[in-house]
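The next block holds one structure in the form of structure tokens; read it before the comments.
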Amino acid sequence: MFYEHQVQTNKRVELYNITTQVKSTIKDSGVKEGICHIFVPHTTAAVTINENADPAVKGDITNEMNKVIPFSDNYQHAEGNSAAHIKASLFGFSETVIIKNGNPVLGTWQDIYFAEFDGPRRRRFVVKVIEG
Amino acid sequence: MFYEHQVQTNKRVELYNITTQVKSTIKDSGVKEGICHIFVPHTTAAVTINENADPAVKGDITNEMNKVIPFSDNYQHAEGNSAAHIKASLFGFSETVIIKNGNPVLGTWQDIYFAEFDGPRRRRFVVKVIEG
Amino acid sequence: MFYEHQVQTNKRVELYNITTQVKSTIKDSGVKEGICHIFVPHTTAAVTINENADPAVKGDITNEMNKVIPFSDNYQHAEGNSAAHIKASLFGFSETVIIKNGNPVLGTWQDIYFAEFDGPRRRRFVVKVIEG
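Taken in sequence, the protein lines are chains Y, B and D.
Remember, our numbering sits 2 above the position in the first sequence when you count from 1.
Remember, our numbering sits 2 above the position in the second sequence when you count from 1.
Remember, our numbering sits 2 above the position in the third sequence when you count from 1.
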């Protein structure tokens, strides 16, 4: 079962919550036990998991990443978004979550985020649900 | 087949070897060919793979990460563990290893580590074994 | 279906394109719908996805990573390649791509790269294709 979703990000760098979309995709699939693979088909965005309670965590993550991988640093890529390419490779283009009793197995404080590093943009992510 | 394991980490930042637990989980599952997905349901810990021989490698990894993502850096999150949240997203919350002849396919020097970034704590990780 | 591939890297740090090998492996498997898991059985190399068009992106990624994680930084590991171990954990040892109609689902600008951090060397990566 293959699904495609769209997101409209709002900032240059942003963790955009996609947990609701992932959960409803698993529900739609009807799969009770298996894995759910989320894949981002871009090169300047990624997917990650992190805290769902205090929104300050998201800001700390994006601010610190902007400091560690600066927007400008004598990059050669003419488009000017090399920092976004680097951050995307560091965060990774996919997440796999386990499905149990029809729900993703997530920790109490975990939500799933589309990691925008070169927005705002219209983006998409794809999901594959495998029974097993 | 779904499994849950507990670990008691000993330091604030530590790579804790879970290879034995993963191997025995695969054995328990009886699966000979497939994949084994390891997932960490926390937001300040992760899972990674790295060297199993010289223990100095683990220290070099944790020391350097503590330097690249400092414990204090004007973070806004009141709990004071934003560095751990950032490191966890960088290392990632899951690993998937291939199962062949009933064993995980790992390189000669590879072991699997629970990456603690805000310990010491009682932690857990979950494992899903899929035949295929 | 399990496959093993070899690569000969050419530089100390290099993103080596393995997309063609991955695509032909999926074709060989005959699987039309499923997932393809790529795993690097080393501790100083990784696998990532990134831009396939402007080659300057690869150079920006490797140059910046060499700056963020310096080759020398009072590491204790006697082999002198701790930076490579750290970068490998940051990039990650596996990628999972979705298979649809017999092809990997990749974005327009995405290719799959073996990330060499301690080359040049003869390396290998393994691939598992799962139908589902």
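Ideal placement from N, C-alpha and C gives every residue a C-beta, glycine not left out.
Using DSSP with H/G/I as helix, E/B as strand and the rest coil, what is F4 of chain D?
Within the third sequence, the letter at position 2 stands for residue 4 of chain D. Here F4 of chain D sits in strand by DSSP.
Within 10 Å of its beta-carbon, does Q10 of chain B have 16 or more other beta-carbons around it, so buried, or fewer, so exposed?
For this step, residue 10 of chain B is matched to residue 8 along the second sequence. Label assigned to Q10 of chain B: exposed.
Closest to P122 of chain D by CA distance: which of D:E66, D:F4, D:E6 and D:V15 is it?
Within the third sequence, residue 122 of chain D is the residue found at index 120, counting from 1. Answer by Cα proximity: D:V15.
Go to E66 of chain D, then tell me how far its alpha helix (DSSP H) extends in each direction, as first and last residue.
Locating residue 66 of chain D in the third sequence gives position 64, where the first residue counts as 1. A58 to V70 is the span of the alpha helix (DSSP H), which, as asked, contains E66 of chain D.
Hey, quick one: how far does the alpha helix (DSSP H) through L92 of chain D stretch, first residue to last?
Residue mapping note: residue 92 of chain D aligns to position 90 of the third sequence, counting from 1. Residues S84 to F93.
If you draw a straight line from the C-alpha of N76 of chain Y to the C-alpha of T50 of chain Y, how long is it?
Start at 1 with the first residue of the first sequence, and residue 76 of chain Y comes out as number 74. Start at 1 with the first residue of the first sequence, and residue 50 of chain Y comes out as number 48. Answer to the nearest angstrom: the Cα atoms are 28 Å apart.
Applying the 10 Å Cβ sphere with the 16-neighbour rule, what's the burial state of D30 of chain Y?
Here residue 30 of chain Y refers to the residue found at position 28 when the first sequence is read from its first residue. That one is exposed.
Cutting at 6 Å between CB atoms, please list the residues of its own chain near Q112 of chain Y, excluding the five before and the five after it.
For the purposes of this step, residue 112 of chain Y is identified with residue 110 of the first sequence, where counting begins at 1. Closer than 6 Å at Cβ, skipping near neighbours: I51.
At 3 residues or longer, and completely inside the segment 22-48 of chain D: list those beta strand (DSSP E) runs for me, N to C.
36-41
Span of the beta strand (DSSP E) holding N19 of chain B?
Indexing the second sequence from 1 puts residue 19 of chain B at position 17. Element bounds for N19 of chain B: E16 to N19.
G121 of chain D touches chain Y at which residues, Cβ-Cβ below 8 Å?
Counted from its first residue, the third sequence places residue 121 of chain D at position 119. Going along chain Y, no residue has its Cβ under 8 Å from G121 of chain D, so there is no contact; the nearest lies around 17 Å.
By a C-beta neighbour count over all protein chains shown, 10 Å radius and 16 as the cutoff for buried, is T110 of chain D buried or exposed?
One-based indexing of the third sequence puts residue 110 of chain D at position 108. Label assigned to T110 of chain D: exposed.
Is the beta carbon of G36 of chain B within less than 8 Å of some heavy atom of the ligand SAH?
As for the ligand SAH, it is missing from this structure, which has no ligand bound.
Below 7 Å CB to CB, which residues in the same chain sit around S84 of chain B once its five sequence neighbours on both sides are set aside?
Residue 84 of chain B sits at position 82 when you count from the first residue of the second sequence. The answer, listed in chain order, is Y77.
So, at 7 Å on beta carbons, what are the nonlocal neighbours of A55 of chain D in its own chain, with the 5 sequence-adjacent residues on each side left out?
The sequence position of residue 55 of chain D within the third sequence is 53, counting from 1. W111.
Using the rule of at least 16 other Cβ atoms within 10 Å of the residue's Cβ for burial, across every protein chain shown, is A48 of chain Y buried or exposed?
In the first sequence, the residue the question calls residue 48 of chain Y occupies position 46. That one is buried.
Between which two residues does the beta strand (DSSP E) holding S74 of chain Y run?
Stepping through the first sequence from its first residue, residue 74 of chain Y is reached at position 72. Element bounds for S74 of chain Y: n/a, residue is neither H nor E.
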